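Here the structure comes first, spelled out in structure tokens, and everything after it is commentary.
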Amino acid sequence: MVVGASLAGLRAAERLRKEGFRGELIVMGSEEHLPYDRPPLSKELLKGEREAGDIALRGGAEVDAEWLLGETAAGLDLSARVIRTESGRALSFDGLVIATGSAPRRLPNLDPELPGIFELRTLEHSLELRTHLRRSPHLLVVGCGFIGVEVASTARALGAEVTVVSLDPPLAIAGELISGVCAAMLADHGVNLHIGRTVAEVLGDDRFEGVVLDNGTRIEADLALVAVGAAPVTGWLEGSGLELNNGVLCDSSCAAIGVENVVAAGDVARWPNPVFDSAPMRIEHWTNAVEQGSAAALTLLNGSGPDTVYAPVPSFWSDHFGTRLQSVGLPALADETTVVDGSLEERRFVAACRRDGRLVGAITYGMPRGLLKYRLALARGEPSAPEASLAS
Amino acid sequence: MRIIVDRDLCDLHGQCVLTAPDIFRFDDEGELQYLPEVEGEMAARAESAASVCPTGAIEIKP
């Protein structure tokens, strides 16, 4: 049984079959769609360059599994080995892959139920926002992570006025150096930036009309996108006996701690990555969903052990304002980031990220070739990070 | 196993280069180059590289 029908769940199902699993295989997901690719939701799909039918994930239609779509898991009974669904079904299983992903964090005063306030996680969210963006509105983006920056870029390209409000600097996960470059990029593209600020008050009763910031600045806008990060979807696992702490706690092979035949993968899984010492981490990147889905499936079949340890060098990318940011390792851990190639002024460079003098990652705008040697060094395990903590 | 890269889909992310640098590489012009046929261990790495291609541009065929 695979719970979660997105990237990690699909790659887990594929790996189970590839490794020769011949039993019944059910993949359950709360969305009505076969697995689709989420990165285009803030870019090509939102912009109108691609349509819903263009973003199906490869392999979704081919894998030999029963798809239970539009069905949401509501509870897990580990002693009976049964999953209860919101529609009242009880599904028994022998082995379980938990791949329920993450859901957008919400802010108490910015309720997506109010017309004009949006969040971005699903195909429907993207298409709805796209419809509104076609009217050249003033869009307020709350949050300045990958989704905030990418939507700001797309909305500017579509002719919208864009204002960003964020407590954290842009792309904080990429480190201070990138934050500075990205802030300059946003400003150059006409985005109004309010960094270090929060929303104190929302204007409008029946629909969103704007905000007042914590410093008293009043901003009138037509739409708001709340993009302040995501939280792992573990509500359905409360009380099940699984160890939950910012995700499902797993061993280094992605097996859930303390139970038999349950593994987790993707945004929802938190495991100790040997590349970065022993502190468990949770990684929301696309590449991790692919690799961890596959790794967790192998663990489900073969058990935890030296042959199933999941030790990836994480990587991410983000396309915005006509350029691409890419990283290997965990730049967020760095206390020192040094440009080693290219130039900051041209916004085309490679930077090495170190913590206490040890390599923890590398990051680039526009020079992907420059990442390889750092990726190899990290994979060889040359230097590891002391007490890696990715608390988000 | 044969490796086929759809050049129209390839967006030069380089995830394949990072995953299997013995099979995929960027040349001096920044173009992607790769071995057209691989076997055994290398074929498994080529499949890993295909799975992390963000645009699904890499196909591995028997």
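Protein chains in written order, with the numbering used here: chain A, 22 to 413; chain B, 2 to 63.
Even for Gly, the Cβ is constructed at its ideal location relative to N, Cα and C.
Values in this document were obtained by computation on a predicted structure and should not be read as measured data.
Measuring only the C-alpha atoms, how far is residue i from residue j?
i, j, result
"B:Gly69", "A:Leu234", "Because chain B spans 2 through 63 in this model, residue 69 of chain B falls outside it and cannot be assessed."
"B:Asp28", "B:Val18", "11 Å"
"A:Arg126", "B:Glu40", "45 Å"
"A:Asp85", "A:Phe114", "17 Å"
"A:Leu160", "A:Leu244", "5 Å"
"A:Ala414", "A:Leu270", "This structure cannot speak to residue 414 of chain A, because chain A is shown only from 22 to 413."
"A:Arg367", "A:Val360", "Note that residue 367 of chain A is Glu in the sequence shown here, rather than Arg. Approximately 12 Å between the Cα atoms of the pair."
"A:Arg390", "B:Asp7", "20 Å"
"A:His210", "A:Arg177", "7 Å"
"A:His215", "B:Ile61", "47 Å"
"A:Phe342", "A:Thr255", "35 Å"
"A:Glu83", "A:Ile76", "15 Å"
"A:Ile138", "A:Leu55", "27 Å"
"A:Ile199", "A:Arg303", "22 Å"
"A:Leu411", "A:Val334", "With a pLDDT of 39 at A:Leu411, under the threshold of 50, the predicted position of this residue should be treated as unreliable, and no value is reported."
"A:Gly109", "A:Met22", "17 Å"
"A:Ser413", "A:Asn266", "No answer about A:Ser413 holds up, because its pLDDT of 32 lies below 50 and its placement is not dependable."
"A:Ser364", "A:Leu192", "19 Å"
"A:Ser147", "A:Glu92", "21 Å"
"B:Leu10", "A:Phe370", "25 Å"
Flag residue i as yes if its beta-carbon sits less than 8 Å from any beta-carbon of chain B, otherwise no.
i, result
"A:Arg32", "yes"
"A:Leu351", "no"
"A:Glu312", "yes"
"A:Arg105", "no"
"A:Phe295", "It should be noted that the sequence gives Pro, not Phe, for residue 295 of chain A. No, because no Cβ of chain B sits closer than 8 Å to the Cβ of A:Pro295."
"A:Leu392", "yes"
"A:Arg396", "yes"
"A:Thr175", "no"
"A:Thr308", "yes"
"A:Leu411", "For A:Leu411, the predicted structure reports a pLDDT of 39, less than 50, and the residue's modelled location is therefore unreliable. A value from the coordinates is still provided. Taking Cβ atoms only, chain B never reaches closer than 8 Å to A:Leu411, which makes this a no."
"A:Ser147", "no"
"A:Pro56", "no"
"A:Ser273", "no"
"A:Ser364", "no"
"A:Pro389", "yes"
"A:Ser339", "no"
"A:Ser405", "Because the pLDDT at A:Ser405 is just 43, under 50, the model does not fix this residue reliably, and the point stays unresolved."
Between residue i and the rest of its own chain, which residues show a CB-CB distance below 7 Å, the 5 nearest in sequence each way excluded?
i, result
"A:Lys64", "Glu171, Thr175, Asp340"
"A:Pro301", "Leu270, Arg291, Trp292, Pro293"
"A:Ala173", "Val162, Val183, Val185, Leu207, Val212"
"A:Ala124", "Arg142, Ala251, Ala252, Val254"
"A:Gly80", "Leu31, Glu35"
"A:Leu397", "none"
What first and last residue would you give for the beta strand (DSSP E) that runs through residue i?
i, result
"A:Arg379", "379-386"
"A:Ala221", "220-224"
"A:Ser348", "344-350"
"A:Asp209", "First-last for A:Asp209: 197-209, but that is the alpha helix (DSSP H), not the beta strand (DSSP E)."
"A:Trp338", "336-341"
"B:Tyr35", "33-35"
"A:His146", "Not the beta strand (DSSP E): A:His146 falls in the alpha helix (DSSP H), residues 144-154."
"A:Cys374", "369-376"
"A:Trp292", "290-293"
"A:Asn213", "213-216"
Using a beta-carbon distance below 8 Å, is residue i in contact with chain A?
i, result
"B:Val53", "yes"
"B:Phe25", "no"
"B:Val6", "no"
"B:Gly41", "no"
"B:Leu33", "no"
"B:Leu19", "yes"
"B:Pro22", "yes"
"B:Leu36", "no"
"B:Leu10", "no"
Rounded to whole angstroms, how far is the Cβ of residue i from the Cβ of residue j, which I believe are closer than 8 Å?
i, j, result
"A:Arg239", "A:Gly231", "7 Å"
"A:Leu78", "A:Tyr57", "6 Å"
"A:Leu141", "A:Leu246", "6 Å"
"A:Val48", "A:Ala34", "5 Å"
"A:Val118", "A:Ala317", "6 Å"
Could you spell out where the alpha helix (DSSP H) holding residue i opens and where it closes?
i, result
"A:Val172", "167-178"
"B:Met43", "41-52"
Going along the chain, which residues of its own chain have a beta-carbon closer than 8 Å to the beta-carbon of residue i, five neighbours each way excluded?
i, result
"A:Asp272", "Ile278, Trp292, Pro293, Ser325"
"A:Phe229", "Leu135, Pro136, Gly137, Ile138, Val223, Ala242, Asp243, Leu244, Ala245"
"A:Asp356", "Arg375, Arg376, Asp377"
"A:Glu45", "Glu87"
"B:Ala21", "Met43, Arg46, Ala47, Ser49, Ala50"
I'd like the list of long-range same chain contacts for residue i, defined as Cβ closer than 6 Å, with 5 residues on each side in sequence excluded.
i, result
"A:Ala310", "Leu28, Ala29, Gly287"
"A:Pro8", "As shown, chain A starts at 22 and ends at 413. That puts residue 8 of chain A outside it, with no answer to give."
"A:Gly69", "none"
"A:Pro133", "Glu140"
"A:Ala204", "Pro191"
"A:Val284", "Val118, Cys275, Ala276, Ala317, Thr320, Leu321"
What residues of chain D sit near residue i, judged by a beta carbon separation below 8 Å?
i, result
"A:Arg79", "Looking at the structure shown, chain D is missing, and the protein chains on hand are A and B."
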